[in-house]
Amino acid sequence: MSDLHLPWSFYREQWSPYPPAPKGDYLRDKTVVITGATSGIGLQSAKQLADASPSNLILAVRNVTAGEKVLKEIQSTHPDLQGKVIHLDLASISSVKKFRLILERNRSQCKLQMTDMKERTFQVNVFAPFLLTCLLLPLFKRSSDPKDLFVGSDAHVIAKEDIIEGALASGSVDGQAIIRTFNDREKYTTATVYIQSKLLLQMLTRSLIKPLSSLNITIINVNPGLTFTNIGSDAKFTLSLQLVYIFLWVMVNARSAKKAARNITSASAWKGGSQDYWSSCVPTPSENTWPYSYKGIRGTEIFYEEMIQEVEKISPGCTADLK
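All residue numbers for the sequence shown refer to my numbering, where the first residue is -19 and numbers rise by one.
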């Protein structure tokens, strides 16, 4: 962990006091769809968003039984809240598409081809959120003041641009350069892919702001900060002094999921338009300046084109409004 050279802004953000969660019924007559709502930030966000009086709360979760338990708990304190639990596994493209069809309640409209990515972290953190955004565009367009929130991370600040630049320099194969590089389970460690995935999500958000804003859809990439969650629970670890150091470092610097969720709820209440980075409950300039450089701008354009092409293979025509 010590070789990550985390900027001072990371510690400043982690230890800065947050404002309380927004008050009022700012979600009245809205439908809220929240992923990962059975634990951690997703669970706490679901509870806080329920306080904003949405008309309908949809929990998109891998474990439906756990989701039903969460919904029952929330409805016990919000008896007028309509709710539903729908299975969604972002590691499965098939699951993402079935989720969309359930929301649409029309299984005859969508012809889809299903091929999961090889690299799970890239699919869950980058491709699946983008695919879900594309598939839900018809619902967004029929909504009043729709918002699309990505869960980013300040980890993108320490992402090394040479990996993306190297992918571009290696050239495109079958229309892919960046996706091909990261869709390889053997090429990089999970930690490296996680950090890079958050930079790629930052790049995607920047690309989506213009087309989504033209559709009156707000998109915000939210950094909840380092948080006590079950992230990494599926990883295998070997006991070492470095692992002990990392554990102690996290224990000292991580915040509670309840506090981290205020970033989600504050962004949900925001009325000031799309933001490519949201941190400490306010719009915040990213400290990673590479996306603003010539190579970064070009890399962002190429990556966006690759993602559009990949989604079109899965659901032809669904990205028409995003080109």
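Glycine is no exception: its CB is placed at the ideal position from the N, C-alpha and C atoms.
For residue i, count the other beta carbons within 10 Å of its own beta carbon; 16 or more makes it buried, fewer makes it exposed. Which is it?
i: VAL50; result: buried
i: ASP9; result: exposed
i: TRP258; result: buried
i: GLU166; result: exposed
i: GLY155; result: exposed
i: MET231; result: exposed
i: LYS178; result: buried
i: GLY252; result: exposed
i: GLU281; result: exposed
i: TRP(-12); result: exposed
i: LEU237; result: Leu is not the amino acid found at residue 237; the sequence shown has Ala there. With 16 or more Cβ atoms within 10 Å of its Cβ, ALA237 is classed as buried.
i: VAL13; result: buried
i: LEU68; result: buried
i: ALA32; result: buried
i: LEU228; result: exposed
i: SER254; result: buried
i: ASP256; result: buried
Please state whether DSSP places residue i in a helix, a strand or coil.
i: ALA366; result: Given a span of -19 to 303 for the chain in the structure shown, any question on residue 366 remains unanswerable.
i: ILE184; result: The sequence given here places Leu at residue 184; Ile does not occur at that position. Reduced to three states, the DSSP call for LEU184 is helix.
i: SER72; result: coil
i: LEU302; result: helix
i: TRP250; result: coil
i: ILE200; result: strand
i: PRO263; result: strand
i: LEU117; result: helix
i: ASP125; result: coil
i: SER(-4); result: coil
Residues bridged to residue i by DSSP?
i: LEU207; result: First, the residue type needs correcting, since residue 207 is Thr and not Leu in the sequence shown. ARG235.
i: HIS67; result: VAL41
i: ILE14; result: LEU39
i: ARG8; result: PRO34
i: TRP258; result: VAL202 and PRO263
i: PHE130; result: ASN201
i: VAL153; result: GLN156
Looking at residue i: is its Cβ nearer than 8 angstroms to the Cβ of residue j?
i: LEU184; j: TYR274; result: no
i: ASP125; j: GLY205; result: no
i: GLU84; j: PHE162; result: no
i: CYS298; j: LEU117; result: yes
i: LEU129; j: SER19; result: no
i: THR101; j: THR170; result: yes
i: HIS136; j: GLN103; result: no
i: ILE38; j: THR11; result: yes
Does any residue of chain C bring its CB to less than 8 angstroms from the CB of residue i?
i: ARG100; result: No chain C is present in this structure, which holds just one protein chain.
Practice item. Check whether the stretch 140 to 157 touches the stretch 196 to 209, counting contact only when three or more Cβ pairs, one atom from each stretch, lie closer than 8 angstroms. Key: no
Check your understanding: Is it a yes or a no for the stretch 109 to 126 touching the stretch 138 to 145, going by three-plus beta-carbon pairs under 8 angstroms?
Key -> no
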